[in-house]
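**Q** Residue numbering for the sequence shown follows UniProt numbering, starting at 1 and increasing by one per position.
Don't be surprised by glycine CBs; every beta carbon is placed ideally from N, CA and C.
Input: one structure, supplied below.
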Amino acid sequence: MPEHDMLQIINEQGEVVQSDLLPDSDTLVRLYRAMRRIRFFDERAVVLHRQGRMGVYPPFGGMEASQAGTALALTHADWLLPTYRDSGAALTYGLPIAQTILYWRTSPHGWAMPEGLKVLPFYIPIATQYPHAVGCALAEKMQGTRNVALAYIGDGGSSEGDFHEALNFAGALEAPCVFVLQNNGWAISVPTATQTKAVNLSRRAEGYGIPGVRVDGNDIVAVYHVTREAVERARAGGGPTLIETVTYRVKPHTVSDDPARYRTEDLTREWLTRDPVARLRTYLSNQGLWSDELEDTLRKEIGDEFEAAVTEADGYPEPTPSEIVDHVFAEPTPQLREQRQQLLEEYGA
């Protein structure tokens, strides 16, 4: 793991290295519970796919700290713009599990923004969420609120034009944005060092006159700390921040991917020793804040929640072909009405 300019509060051995930045015990436990919850979802989502009960799914295993630590710094008045790999962030923010399952089942019921939440559907195109985040943030600024927009991107996405345009746009207009760049080492099968010669991706912020922060993306305490600072800075009118979370995609790109074709297991095993969930649990256990009994209780609680969500998702009808065009605009255009009629005539539904 590159160490240059990277903030870390709890190291790989579960030891505190910056005690002055450590939050209170309740916050530490909340951070751990959030990671354990989304890891359970990620593992079970893969099982659902293998059972034929969910479509192609992109796992985020190993990136729990990067996702939960950032999402927990927001309120429901803030905007969250996740990529296809950020189910964990969306769930932590408040997206219901059942709706997340429905999204990966391609149901239109999984696309709609839930009442009371400002989370957009998972972005499949690379980097398009960044300019949208600036728009959301500027809308809040124009309305005089203190709300912010937080958007995710990967190391590969940071080489797209939309990434740079958004940072320039946000910096010039001092948009209340937090840009989270999850450097997980891979752009599908392309290693970071191949698709860019930049070593410290957070330094790209300097070219746009905004702060850039680099953090150990497997240390949820450090991730939460820097994100809270960035959010508060944005709320106070200080403008955007770019946060690079240095982490690793230990899972395949999607459930259809075979990572053995382009990387060695040795590197993956090395990163597994830096597991974010195990790291915080080690610290909590050593401090007497966690136990096997609490772990068992949490696992049952999460398992029950997940099974109830699966049952709820199973209760929704299968999507029909004509629904493809039903949720594009509030009022369908003449072209969409024509397309819908064609689908009805061809498929009868």
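1. Are there three or more Cβ pairs, one per stretch, closer than 8 Å when the stretch 174-193 is compared with the stretch 245-262?
2. So what does DSSP say about T245, is it helix, strand or coil?
3. Kindly indicate which three-state DSSP category P191 falls into: helix, strand or coil?
4. Taking 8 Å as the cut-off, does the stretch 133-147 touch the stretch 94-114 (at least 3 CB pairs, one atom from each stretch)?
5. With 16 other CB atoms within 10 Å as the buried threshold, where does P2 fall?
6. Nearest-angstrom Cα distance between D86 and I9?
7. Below 7 Å CB to CB, which residues in the same chain sit around R233 once its five sequence neighbours on both sides are set aside?
8. For a test of the three-state rule: what should DSSP assign to Y262, helix, strand or coil?
9. In chain order, what residues of the same chain lie with their CB nearer than 8 Å to the CB of V328, ignoring the 5 residues before and after it?
10. Rounding to the nearest angstrom, what Cα-Cα distance links T247 and L201 in this structure?
11. Just mark R50 as buried or exposed, buried being the case when its beta carbon has 16 or more other beta carbons within 10 Å.
12. Whole angstroms is fine: what's the gap from R214's alpha carbon to R203's?
13. Any idea what DSSP makes of F41, helix, strand or coil?
14. Note down, in chain order, each residue of its chain lying with its Cβ closer than 6 Å to the Cβ of A77, except the 5 sequence neighbours on either side.
15. Name the DSSP bridge partner or partners of D216?
16. Measure from the alpha carbon of D155 to the alpha carbon of each residue in A170, Q182 and N168, then state which is nearest.
17. Does N286 come out as helix, strand or coil in the three-state DSSP assignment?
18. What residue does the alpha helix (DSSP H) around G237 start on, and which one ends it?
19. Identify whether L267 lies in helix, strand or coil by the three-state DSSP scheme.
20. Looking at the unbroken beta strand (DSSP E) that takes in G154, where does it start and where does it end?
21. Only counting runs of 4 or more residues, tell me where the alpha helix (DSSP H) segments fall wholly within the stretch 154-180, in order along the chain.
22. Below 8 Å, how does it come out for the stretch 288-306 and the stretch 65-76: are there three or more Cβ pairs, yes or no?
23. Grab me the residues of A349's own chain with a C-beta within less than 7 Å of its C-beta, minus the 5 sequence neighbours each way, in chain order.
24. Where do the N-terminal and C-terminal ends of the alpha helix (DSSP H) with L138 fall, by residue?
**A** In this structure, then:
1. Yes, the stretch 174-193 touches the stretch 245-262.
2. Residue numbering aside, residue 245 sits at position 245 when the sequence shown is read from its first letter. Strand.
3. Looking up residue 191 in the sequence shown gives position 191. Under the three-state reduction of DSSP output, P191 falls in the strand class.
4. No, the stretch 94-114 does not touch the stretch 133-147.
5. By 1-based counting over the sequence shown, the position of residue 2 is 2. Its pLDDT being 43, under 50, P2 is placed unreliably in this model, and the value from its coordinates should be taken loosely. With fewer than 16 other Cβ atoms within 10 Å, it is exposed.
6. Numbered from its first residue, the sequence shown carries residue 86 at position 86. Numbered from its first residue, the sequence shown carries residue 9 at position 9. If you take the alpha carbons of D86 and I9, they lie about 23 Å apart.
7. Here the question's residue 233 lines up with position 233 in the sequence shown. Its chain contains T241 as the residues whose beta carbon lies nearer than 7 Å to that of R233, once the 5 sequence neighbours on both sides are disregarded; these appear in chain order.
8. On the sequence shown, residue 262 is found 262 positions in, with the first residue counted as 1. Residue state, collapsed to three classes: coil.
9. Working through the sequence shown from its first residue, we reach residue 328 at position 328. Closer than 8 Å at Cβ, skipping near neighbours: L336.
10. Here the question's residue 247 lines up with position 247 in the sequence shown. Here the question's residue 201 lines up with position 201 in the sequence shown. Approximately 13 Å, taken between the alpha carbons.
11. Indexing the sequence shown from 1 puts residue 50 at position 50. With a threshold of 16 other beta carbon atoms within 10 Å, R50 falls short and is exposed.
12. Walking along the sequence shown from the start, residue 214 turns up at place 214. Walking along the sequence shown from the start, residue 203 turns up at place 203. R214 and R203: Cα-Cα distance of roughly 9 Å.
13. Here residue 41 refers to the residue found at position 41 when the sequence shown is read from its first residue. Note: F41 maps to helix in three-state DSSP.
14. As a position in the sequence shown, residue 77 is number 77, starting the count at 1. Within the same chain, and ignoring the five residues on either side of A77 in sequence, the residues whose Cβ sits closer than 6 Å to its Cβ are N147.
15. Counting from one through the sequence shown, the residue named residue 216 turns up at place 216. Looking at the DSSP output, D216 bridges to V246.
16. On the sequence shown, residue 155 is found 155 positions in, with the first residue counted as 1. Closest by alpha carbon: Q182.
17. In the sequence shown, counting from the first residue as 1, residue 286 sits at position 286. Taken through DSSP and simplified to helix, strand or coil, N286 comes out as helix.
18. Numbered from 1 along the sequence shown, position 237 holds the residue referred to as residue 237. Run containing G237: none; DSSP gives neither H nor E here.
19. Translated into positions along the sequence shown, residue 267 becomes position 267. Helix, per DSSP.
20. The residue you call residue 154 lines up with position 154 of the sequence shown. Start and end: A149 to G154.
21. Counting whole runs of 4 or more residues, the stretch 154-180 contains the alpha helix (DSSP H) stretches 161-173.
22. Contact between the stretch 288-306 and the stretch 65-76 is absent, because fewer than three Cβ pairs lie under 8 Å.
23. For the purposes of this step, residue 349 is identified with residue 349 of the sequence shown, where counting begins at 1. Closer than 7 Å at Cβ, skipping near neighbours: T320, P321 and S322.
24. On the sequence shown, residue 138 is found 138 positions in, with the first residue counted as 1. In the DSSP assignment, L138 falls within the alpha helix (DSSP H) that extends over Q129 to M142.
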